[in-house]
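J.: So the mapping is simple: the working numbering equals the position in the sequence shown, first residue as 1, plus 209.
The structure under discussion is supplied below as structure tokens; questions concerning it will follow.
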Amino acid sequence: MKNAIRNFRKSLGHAIDGLAYALKNEKNFRIEILIAIFVVAFILLFKIKNWEAIVLILMIMWVLIAELINTVLERIVDILKPRIHPYARLIKDLMAGAVLISSLVAIIVGLIIFFPYLKGLLQLLR
210 MKNAIRNFRK
220 SLGHAIDGLA
230 YALKNEKNFR
240 IEILIAIFVV
250 AFILLFKIKN
260 WEAIVLILMI
270 MWVLIAELIN
280 TVLERIVDIL
290 KPRIHPYARL
300 IKDLMAGAVL
310 ISSLVAIIVG
320 LIIFFPYLKG
330 LLQLLR
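If you want it as structure tokens, here you go:
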């Protein structure tokens, strides 16, 4: 049992190190974290339905995971640079495209969910 706990703590430490690296070195990851904080604040502010909050949190998770996978693949391609292959640039572009798609879908889902709440807020302000 002690080994299992020690292994878990070690794995958790590596995961935290990876996230810290992304926060320190990846501007897009920092921007996405900031947007995620705003989305969570809006979830709490508007007291949206549970299922809507779950969908938004899953979208946040999807975008952040896509960004982390993109970072991993970029680093792998960078390691192989001395023997650069024509596909190296394509791999980076494809992964960036995947992050873009996940981000655009998250924005669309967020707008669909938040629109009625924002509309109601605007009507109250009139």
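The beta carbon of each residue, even a glycine, is placed where N, CA and C say it ideally should be.
Only a predicted model underlies this, so the values are computations on that prediction, with no experimental measurement involved.
How about the stretch 270 to 280 and the stretch 309 to 316: do they share at least three Cβ pairs that are nearer than 8 Å?
T.: Enough Cβ pairs lie closer than 8 Å, so yes.
J.: Pairing CB atoms from the stretch 252 to 265 with CB atoms from the stretch 317 to 327, are three or more of them under 8 Å?
T.: In short, these stretches touch, since the Cβ pair count reaches three.
J.: Grouping DSSP H, G and I as helix and E and B as strand, with all else coil, what is P295?
T.: If DSSP states are grouped into helix, strand and coil, P295 belongs with coil.
J.: To the nearest angstrom, how far is it from the Cα of I282 to the Cα of I288?
T.: Note that residue 282 is Leu in the sequence shown, not Ile. The alpha-carbon atoms of L282 and I288 are separated by roughly 10 Å.
J.: Decide if L265 is buried, meaning its Cβ has at least 16 other Cβ atoms within 10 Å, or exposed.
T.: Buried, because 16 or more other Cβ atoms sit within 10 Å of the Cβ of L265.
J.: Quick check on E283: does DSSP put it in helix, strand or coil?
T.: Three-state result, E283: helix.
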